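Note that the working numbering has the sequence shown beginning at 2, numbered continuously upward.
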Amino acid sequence: MSARTDPLTAGGQDVLDRWPFWRANAGRFRLLHVWATTSPAAAAPAPAVAHVERGGGTALVGVGRPADLAALLTEVSAPAVVSALLPRGTWDAVDPAARKRIGLRPGRPWDWLTCSAAPPRHPDAGRVRDLGPGPAAAARAQEVLDRAYPEREARADDARRTWVGFDDGAGGLAGVLSALALPGGVHLSAVAVDPAWRRRGVASAMTSEVTRRALVGSGLVHLGTWADNDAARALYLSLGYTVAAELENLHAAPRW
2 MSARTDPLTA GGQDVLDRWP FWRANAGRFR LLHVWATTSP AAAAPAPAVA HVERGGGTAL
62 VGVGRPADLA ALLTEVSAPA VVSALLPRGT WDAVDPAARK RIGLRPGRPW DWLTCSAAPP
122 RHPDAGRVRD LGPGPAAAAR AQEVLDRAYP EREARADDAR RTWVGFDDGA GGLAGVLSAL
182 ALPGGVHLSA VAVDPAWRRR GVASAMTSEV TRRALVGSGL VHLGTWADND AARALYLSLG
242 YTVAAELENL HAAPRW
């Protein structure tokens with residue numbers, strides 16, 4: 002894959018690949034264009050903004066220090082996009098005229114966490130069941146998501162994900178979680194627990210067991226959690242995850 006370049010671009014893909022967040026998540030995007038400010042041969046990674054296809058639309062993904070990215074976003078002619086994913090604090094530092102031109106508004110911030118060492122085996126690891134990939138597994142997981150995580154709608158790539166569930170002992174599932182193997186690591190998402198089973202170690206059991214399995218064939222497991230979800234962050238930190246990036250979501254402002 003080759004990226005389109007312009008005079009600001011320095012090496013395109015090579016610049017992005019120097020950033021851990023991009024390396025781990027690149028498989029979730031289709032790269033269209035890159036802007037960066039220095040040569041990839043420089044000692045420190047260059048700040049960069051990527052124009053990507055993501056989730057049926059186009060988006061901007063930024064890597065680097067907020068102040069550097071804000072200057073870059075002010076300088077380049079970014080295309081019309083439906084969303085952006087930037088290090089937290091970038092948008093507030095962007096020139097107001099550039100913010101108006103890009104036409105996005107802040108959404109809910111989140112944290113990106115990574116793990117490279119297997120957590121201890123959970124006492125309830127034996128209740129974590131493989132559902133597999135495919136439409137049937139995704140449909141079964143969606144039944145749990147509908148009652149445990151209703152704001153998380155079914156997605157086009159759900160059948161690509163490998164789903165696991167927590168056996169409730171009565172033929173059903175008390176929770177689910179998805180894993181998506183990418184070139185840069187395994188991405189966990191859709192961690193959901195039936196309200197009747199919360200605070201009973203279900204999420205901990207699923208996350209620790211899937212992390213252990215994923216690390217057998219991959220050097221990195223990663224996931225995201227909302228910045229204001231202190232309970233989820235504490236759970237992941239207890240399993241050996243670390244906060245590797247603090248991010249902000251931006252979305253297109255409604256037009257009326």
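Where is the CB? At the ideal position from N, CA and C, for every residue including glycine. Since the model is a prediction, treat every value here as computed from it, not as a measurement.
CA nearest to the CA of residue i, picked from the options
i: ARG55; options: PHE30, SER78, LEU73 and ASP69; result: PHE30
i: GLU247; options: HIS34, TYR150, ALA27 and THR91; result: THR91
i: TRP227; options: THR38, LEU33 and ARG109; result: ARG109
i: ALA79; options: GLY135, PRO88, ALA68 and GLY63; result: GLY63
i: ALA197; options: SER179, ALA175, ALA206 and HIS188; result: ALA175
i: VAL77; options: ALA51, GLY218 and THR59; result: ALA51
Euclidean distance between Cα positions of residue i and residue j
i: ALA126; j: PRO97; result: 51 Å
i: VAL222; j: LEU216; result: 7 Å
i: PRO46; j: ALA140; result: 42 Å
i: ARG5; j: LEU33; result: Interpretation of ARG5 is limited by its pLDDT of 39, a score under 50 that renders its predicted location unreliable; no figure is taken from the coordinates.
i: THR10; j: TRP36; result: Legend: pLDDT at THR10 = 46, less than 50; position of this residue unreliable, value from coordinates given subsequently. So the alpha carbons of these two residues sit roughly 4 Å apart.
i: ASP15; j: ALA191; result: 31 Å
i: ARG89; j: GLY218; result: 31 Å
i: ARG102; j: HIS188; result: 33 Å
i: ALA206; j: ALA27; result: 28 Å
Which of helix, strand or coil DSSP assigns to residue i
i: ALA246; result: strand
i: PHE22; result: helix
i: LEU240; result: coil
i: ARG106; result: strand
i: GLY13; result: coil
i: SER219; result: coil
i: GLY166; result: strand
i: ARG199; result: coil
i: TRP257; result: A caution first: TRP257 carries a pLDDT of 45, below 50, which makes its placement in the model too unreliable to give a value.
CB-CB length for residue i against residue j, believed under 8 Å
i: ALA49; j: GLY65; result: 6 Å
i: TRP111; j: ALA138; result: Not really, about 26 Å apart at Cβ, beyond 8 Å.
i: ALA72; j: GLY185; result: About 27 Å; that fails the 8 Å criterion.
Enumerate, from N- to C-terminal direction, the unbroken alpha helix (DSSP H) stretches of 4 or more residues contained entirely within the region 24 to 88.
-> Taking only runs of at least 4 residues, the alpha helix (DSSP H) segments lying wholly in the region 24 to 88 are 67 to 76.
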